[in-house]
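Peer 1: Numbering (the numbering used here) for the sequence shown: 9 to 164. Glycine is no exception: its CB is placed at the ideal position from the N, C-alpha and C atoms. Please read all numbers here as calculations on a predicted model, not as lab measurements.
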Amino acid sequence: MRSRDVEKLIRIVQESDIAELEITDFWGRRIRISKTAGVKGETGMVPGVVVTQASESAAAAAKLAEKTSEEKTEKKNVVAIRSPIVGSFYRSPAPDAPPYVEVGDTVKPGQVVCIVEAMKLMNEIESDIAGKVAKILVKNEEAVEYNQELFLIEPL
Numbered sequence: 009m010r011s012r013d014v015e016k017l018i019r020i021v022q023e024s025d026i027a028e029l030e031i032t033d034f035w036g037r038r039i040r041i042s043k044t045a046g047v048k049g050e051t052g053m054v055p056g057v058v059v060t061q062a063s064e065s066a067a068a069a070a071k072l073a074e075k076t077s078e079e080k081t082e083k084k085n086v087v088a089i090r091s092p093i094v095g096s097f098y099r100s101p102a103p104d105a106p107p108y109v110e111v112g113d114t115v116k117p118g119q120v121v122c123i124v125e126a127m128k129l130m131n132e133i134e135s136d137i138a139g140k141v142a143k144i145l146v147k148n149e150e151a152v153e154y155n156q157e158l159f160l161i162e163p164l
C-alpha cells in the first residue's frame, strides 16, 4: 500500500466515528489504524491515531505522519506532474547524459522533463504548465505507478 493511500485512510478515520480500521491487501500485508483516546506527552494528553503495519515499525509510521504534514505545507502553491503510465522513471535520455531538469530549473508547456519506460518503449513526459521545478519526487531508475507524482512545479 502506498503512503498516500495510508494517508487517506488516516484522514478517514480521524474525520469519522470509526474507532478502528484494519485492511489486508492481496499480498497479505496488513495495516491497522485505530484512534486513541490520547497519547501521554510532555504537555499532557494529545489526541491521535495509531497506525500499525506488519512490515513497518512504529518509527516508520511516525516518519510517515511527519512526511504527510510536511507535504501538506509544501503542496499549497504547486502543481504536480504525474506519470501517465506504469514503468521505470529516468531523469535523462541516456545514462551518461545530463538530466532533463533539476530543482530550480524553469520549464515551459510541452518541455520534456523525464522518461517513463514501459515494455521497452521510452515515453517522454512533458510539462503541462510553465513554472519552476520545486521538487523531484522520484529517484532515477525507480519504478513508478500510474498517476504517481513525479515533479512538483511552482507555476509562474
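Determine, using beta carbons only, whether residue 2 and residue 32 come nearer to each other than 7 Å.
Peer 2: Because the chain is modelled from 9 through 164, residue 2 falls outside the range shown and cannot be assessed.
Peer 1: Measure from the alpha carbon of residue 116 to the alpha carbon of each residue in 43, 21, 28, 162, then state which is nearest.
Peer 2: Residue numbering aside, residue 116 sits at position 108 when the sequence shown is read from its first letter. Ranking the options by Cα distance to residue 116, first place goes to 162.
Peer 1: Give the C-beta separation of residue 120 and residue 134 to the nearest angstrom, bearing in mind that I take them to be a contact with Cβ-Cβ under 8 Å.
Peer 2: Residue numbering aside, residue 120 sits at position 112 when the sequence shown is read from its first letter. Residue numbering aside, residue 134 sits at position 126 when the sequence shown is read from its first letter. Between residue 134 and residue 120 the Cβ distance is about 6 Å, and since that is below 8 Å, they are a contact.
Peer 1: When the Cα atoms are used, what is the spatial distance from residue 157 to residue 88?
Peer 2: Mapped onto the sequence shown, residue 157 falls at position 149. Mapped onto the sequence shown, residue 88 falls at position 80. Roughly 6 Å separates the two Cα atoms.
Peer 1: Report the option in 130, 100, 85, 144 whose CA atom is closest to the CA atom of residue 94.
Peer 2: The residue given as residue 94 occupies position 86 in the sequence shown. Nearest C-alpha to residue 94: 130.
Peer 1: Which same chain residues end up closer than 8 Å to residue 149 when comparing Cβ atoms and leaving out the 5 residues on each side of it in sequence?
Peer 2: To locate residue 149, count along the sequence shown from 1; it is residue 141. Excluding sequence neighbours, residue 149 sits near 96, 97, 98.
Peer 1: Return helix, strand or coil for residue 37, following the three-state DSSP convention.
Peer 2: Position 29 of the sequence shown, counted from the start, is the residue given in the question as residue 37. In the structure shown, residue 37 sits in coil (DSSP, three-state: anything other than H, G, I, E or B).
Peer 1: Quick one: is residue 228 buried, meaning 16 or more other Cβ sit within 10 Å of its Cβ, or exposed?
Peer 2: Summary: the structure shown does not reach residue 228, with the chain confined to residues 9 through 164, and so no result is reported for it.
Peer 1: Using alpha carbons as the reference points, say which of 19, 36, 22, 42 lies closest to residue 28.
Peer 2: Sequence index remark: in the sequence shown, residue 28 carries index 20 (1-based). Residue 42 is the option with its Cα nearest to residue 28.
Peer 1: Is the beta carbon of residue 141 less than 7 Å from the beta carbon of residue 91?
Peer 2: Position 133 of the sequence shown, counted from the first residue, corresponds to residue 141. Position 83 of the sequence shown, counted from the first residue, corresponds to residue 91. No; because the gap between Cβ atoms is not below 7 Å, this pair is not in contact.
Peer 1: Tell me the DSSP secondary structure of residue 161 in three-state form.
Peer 2: Counting from 1 along the sequence shown, the entry for residue 161 is found at position 153. Of the three classes helix, strand and coil, the one that applies to residue 161 here is strand, per DSSP.
Peer 1: Just to confirm my understanding: we take residue 17, look at its own chain, exclude 5 residues before and 5 after, and list those with CB closer than 7 Å. What are they?
Peer 2: Position 9 of the sequence shown, counted from the first residue, corresponds to residue 17. 29, 41.
Peer 1: Looking only at C-alpha atoms, which of 22, 10, 160 sits nearest to residue 145?
Peer 2: Numbered from 1 along the sequence shown, position 137 holds the residue referred to as residue 145. For residue 145, the nearest C-alpha among the options comes from 160.
Peer 1: So, under 8 Å CB-CB, residue 101 and residue 123 are touching, yes? Tell me the CB distance rounded to an integer number of Å.
Peer 2: What you label residue 101 is simply residue 93 of the sequence shown in a count that begins at 1. What you label residue 123 is simply residue 115 of the sequence shown in a count that begins at 1. Yes, residue 101 and residue 123 are in contact; Cβ-Cβ is about 7 Å, under 8 Å.
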